[in-house]
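Take the sequence shown: its position 82, counting from 1, is numbered 82 in our numbering, and each next residue is one higher.
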Amino acid sequence: MSAHEPLSDHDVFALFPNVMIDRDNIAHYRALAAGHLAINRCGDCGYWVYPHRPMCPECLSWNVTPTEVSGQGRVFMFTLIHQLRDPHSNIMEPVVVAAIELVEQAGLRYLSRIVNCPLEEITLDMPVSLTWIPEGAPRSPAFEPASAQGLEARG
Ligand SMILES: [Zn+2]
């Protein structure tokens, strides 16, 4: 992924203290820490495996490898969360949470947030692109309207 040494398991645990990290998802979080969105892909049949599992449900191969995705997709569904879970969080409520259907595969839906888009402008099937939001360290993946790519922050 880069010339740098990959983070140790201990480092990944320390970076995501509120996430239940296990053997199946640690590679995903290690990639996030490095600024990459990676999802397991079967090395035998090419199927993308999400949620994170160590085995391909299509061909039952254990040859799955975290593989970076393009970050392009469409809004499959979304919801609005008003609950303030952590009074010390710097996340401004409410939060839009969505299942983003990635272009890599029909039905490959990554759960993430939608940002840089007024709520009333979010529509199903809206093209979106991966972006990174500076809330927390490391930065978190989120999706924004594809038309917002390359634009400075909008009002
Ligand atoms: Zn497979």
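Each residue gets a CB set at the ideal place from its N, CA and C atoms; glycine is no exception.
Coil, strand or helix - residue i by DSSP
{"i": "P110", "result": "Reading off the sequence, residue 110 comes out as Tyr, not Pro. Strand, per DSSP."}
{"i": "I81", "result": "strand"}
{"i": "E152", "result": "Residue confidence is low: E152 scores 48 on pLDDT, short of 50, so the model does not pin down where it sits. Its coordinate-derived value is still stated next. DSSP places E152 in coil when its eight states are reduced to three."}
{"i": "V12", "result": "helix"}
{"i": "A98", "result": "strand"}
{"i": "S147", "result": "helix"}
{"i": "I26", "result": "helix"}
{"i": "A142", "result": "strand"}
{"i": "E104", "result": "coil"}
{"i": "E58", "result": "coil"}
{"i": "E121", "result": "helix"}
{"i": "A33", "result": "helix"}
{"i": "P66", "result": "strand"}
{"i": "P127", "result": "strand"}
{"i": "V49", "result": "strand"}
{"i": "I39", "result": "strand"}
{"i": "I21", "result": "coil"}
{"i": "D75", "result": "According to the sequence displayed, residue 75 carries Val and not Asp. Strand at V75."}
C-beta neighbour in chain B for residue i, strict 8 Å
{"i": "T67", "result": "The structure shown contains no chain B; it is built from a single protein chain."}
Inter-residue CB distance, residue i and residue j (contact presumed, cutoff 8 Å)
{"i": "G73", "j": "V128", "result": "6 Å"}
{"i": "I122", "j": "V96", "result": "7 Å"}
{"i": "L7", "j": "R30", "result": "5 Å"}
{"i": "E43", "j": "N63", "result": "Residue identity check: residue 43 is Gly in the sequence provided, not Glu. Indeed, because the Cβ distance is near 4 Å, the residues count as touching under 8 Å."}
{"i": "P138", "j": "A33", "result": "5 Å"}
{"i": "E144", "j": "I100", "result": "Actually they are not in contact, since the Cβ atoms of E144 and I100 sit about 11 Å apart, beyond 8 Å."}
Within 6 Å of ligand 1: residues by beta-carbon to any heavy atom: C42, D44, C45, Y47, C56, E58, C59 and S61
Touch test, the stretch 28-42 against the stretch 61-79, Cβ-Cβ under 8 Å, three pairs minimum: Result yes; three or more Cβ-Cβ pairs closer than 8 Å.
Inter-stretch contact (C-beta, 8 Å, three-pair minimum) for the stretch 51-62 and the stretch 97-108: Counting Cβ pairs under 8 Å, fewer than three are found: no touch.
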